[in-house]
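A short write-up of the structure that comes next.
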Amino acid sequence: MLRSLDDLEDISKIDAGNMLGAINRFPDFLVDAAHFSPLDVRSSLSPHNIVLMGMGGSASAADVLLDWLQDRITVPVSVVRDCALPRFVGPKTLFMAVSYSGETVETLAAFDEARKRRCITAAVGSGGRLQTICSRVKVPFLKVSSGLVPRAALSQMVGAGAVMLQSFGVVGDVRAGLLEAGRELIRIRGQLRAEVPLSRNRAKHVALRLEGRLPVIYCLQRMSSVARRAKNQFAENSKLVAKYDLLPEAGHNEVEAWQGRNPHMLPVLVHDSKESREESTVFRAFKAVLRKVGEVRPLEVRTGASSALGRLLGPVLFLDYVSVYLAFLRGVDPTPTFGIGEYRRLNSEMRR
Ligand code: F6R
């Protein structure tokens with residue numbers, strides 16, 4: 002068992018798959034993605050709507066793209082996590098398959114269906130069958146570097162997805178935004194990496210407070226990508242059930258569930274560094290009720306990132322660190338995902 006989150010030798014024994022190393026590289030991958038070249042897609046059609054389709058860690062990248070770019074895209078954009086595509090998907094849809102491995106059966110099936118419906122198609126990933134099909138049928142494919150587990154490739158996948166959307170002309174140049182966020186994340190990493198002792202490391206502090214508790218993550222609806230990613234990272238890295246909900250909606254229902262003492266759960270409020278007055282009031286009111294009815298003092302996450310993308314990926318990086326520190330406290334190697342592997346195997350086999 003780990004004696005202290007400052008014991009780097011013990012940590013490296015538990016972290017056999019080096020998830021910490023992958024998280025440390027998260028900002029660098031984003032900086033690298035700022036150097037992707039847009040593709041020459043020669044599409045004369047301007048899409049009427051956009052579907053970003055993926056599962057798991059790749060779908061999280063699609064969520065971040067949506068939260069980041071939706072103000073800059075003039076047509077409706079949806080994230081789909083299912084092989085059954087919505088009825089509106091057709092020839093005027095830009096369908097982008099997002100799959101790091103390129104081997105996810107749900108994504109391959111949806112991609113196939115999108116082609117049957119004559120969508121404008123594109124894909125991002127590190128290879129696999131998705132890349133093979135794209136090169137065979139001449140669908141634009143943007144390749145990220147391989148060798149990671151998909152959830153650790155989030156920043157690259159966000160970068161590649163954004164540059165692909167730029168290639169289709171649905172958004173202007175995204176690369177300065179990727180670079181700026183990358184630089185902000187490098188600074189945030191400097192405060193949270195394992196070499197920074199607990200006395201100065203807020204991610205270690207949050208992990209310690211969460212030990213033995215169910216994390217309940219809250220953030221604003223417009224940052225839902227951050228909360229969902231955190232819930233998934235607690236599952237995949239810390240092997241812990243967590244949940245999330247969104248504000249202000251949670252103030253109208255879920256807040257009621259905090260009545261009385263709930264020592265097994267702890268709320269985590271994830272802030273944006275640029276909240277409007279109204280949004281700050283929502284947080285203050287929600288926090289006050291948690292204290293009053295639930296007698297609980299929530300944890301709060303703030304990062305100083307100020308760019309549009311940094312304000313999403315800063316808290317993502319923070320909570321990624323928390324999820325691995327929590328894994329180490331539990332003596333768990335964060336990298337292997339036996340359950341996901343089994344699900345993927347059975348899901349493929351049972352389809353045959
Ligand atoms: C594993 C992980 C999973 C995968 C999911 C889909 O690290 O994050 O959630 O992302 O099984 O696989 P890909 O992303 O390869 O399409």
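Mind the numbering: the sequence shown is residues 2 to 353 in the numbering used here, read in order. Note that beta-carbon positions come from the ideal geometry of N, C-alpha and C, so glycine has one too. These numbers come from a predicted model, not from an experiment.
Counting along the chain, where does the beta strand (DSSP E) carrying residue i start and finish?
| i | result |
| --- | --- |
| residue 122 | 121 to 126 |
| residue 220 | 215 to 221 |
| residue 94 | 94 to 99 |
| residue 275 | Unbroken run through residue 275: none, as it is neither H nor E. |
| residue 139 | It is not in any beta strand (DSSP E) - residue 139 carries neither H nor E in the DSSP assignment. |
| residue 301 | 300 to 302 |
| residue 117 | Run containing residue 117: none in the beta strand (DSSP E); it sits in the alpha helix (DSSP H), 106 to 117. |
| residue 248 | 244 to 248 |
So, is residue i buried or exposed, given that buried needs 16 or more other C-beta atoms within 10 angstroms?
| i | result |
| --- | --- |
| residue 181 | buried |
| residue 83 | exposed |
| residue 102 | buried |
| residue 17 | exposed |
| residue 282 | exposed |
| residue 348 | exposed |
| residue 131 | buried |
| residue 122 | buried |
| residue 320 | buried |
| residue 89 | exposed |
| residue 234 | buried |
| residue 232 | buried |
Please identify the residue among the options whose C-alpha is closest to the C-alpha of residue i.
| i | options | result |
| --- | --- | --- |
| residue 309 | 80, 123, 186 and 87 | 186 |
| residue 338 | 57, 30 and 40 | 57 |
| residue 36 | 190, 330, 183 and 239 | 183 |
| residue 290 | 275, 112, 222 and 262 | 262 |
| residue 316 | 293, 330, 300 and 272 | 272 |
| residue 97 | 7, 2 and 62 | 62 |
| residue 267 | 107, 254 and 258 | 258 |
| residue 243 | 253, 254 and 230 | 230 |
| residue 201 | 81, 192 and 322 | 192 |
| residue 28 | 251, 235, 194 and 329 | 194 |
| residue 166 | 300, 4 and 76 | 76 |
| residue 314 | 40, 11 and 159 | 159 |
| residue 274 | 251, 302 and 296 | 302 |
| residue 31 | 40, 43, 163 and 138 | 163 |
Rounded to whole angstroms, what's the CA-CA distance from residue i to residue j? Just pull it up for me.
| i | j | result |
| --- | --- | --- |
| residue 85 | residue 94 | 15 Å |
| residue 141 | residue 47 | 16 Å |
| residue 177 | residue 87 | 33 Å |
| residue 2 | residue 277 | 44 Å |
| residue 253 | residue 270 | 16 Å |
| residue 99 | residue 64 | 11 Å |
| residue 264 | residue 292 | 13 Å |
| residue 344 | residue 106 | 11 Å |
| residue 217 | residue 245 | 5 Å |
| residue 124 | residue 38 | 15 Å |
| residue 145 | residue 286 | 43 Å |
| residue 239 | residue 206 | 15 Å |
| residue 350 | residue 279 | 51 Å |
| residue 236 | residue 79 | 24 Å |
| residue 318 | residue 9 | 20 Å |
| residue 300 | residue 208 | 10 Å |
| residue 219 | residue 228 | 7 Å |
| residue 154 | residue 353 | 30 Å |
| residue 294 | residue 256 | 9 Å |
| residue 284 | residue 346 | 42 Å |
Taking the continuous alpha helix (DSSP H) assigned at residue i, which residues delimit it?
| i | result |
| --- | --- |
| residue 327 | 311 to 330 |
| residue 11 | 9 to 15 |
| residue 232 | 225 to 237 |
| residue 21 | 20 to 25 |
| residue 159 | 155 to 168 |
| residue 347 | 339 to 352 |
Can you find a heavy atom of the ligand GDP that lies under 7 Å from the Cβ of residue i?
| i | result |
| --- | --- |
| residue 57 | In terms of ligand content, the structure shown lacks the ligand GDP and carries the ligand F6R instead. |
Would you please verify whether the beta carbon of residue i is less than 8 Å from any beta carbon of chain B?
| i | result |
| --- | --- |
| residue 315 | The chain inventory of the structure shown lacks chain B, comprising one protein chain alone. |
3 or more residues per run - each beta strand (DSSP E) lying fully within the segment 31 to 77: The segment 31 to 77 contains these whole beta strand (DSSP E) runs: 50 to 54.
Complete alpha helix (DSSP H) runs within the segment 181 to 219 (minimum length 4 residues, chain order): With a minimum length of 4 residues, the continuous alpha helix (DSSP H) runs that stay inside the segment 181 to 219 are 203 to 211.
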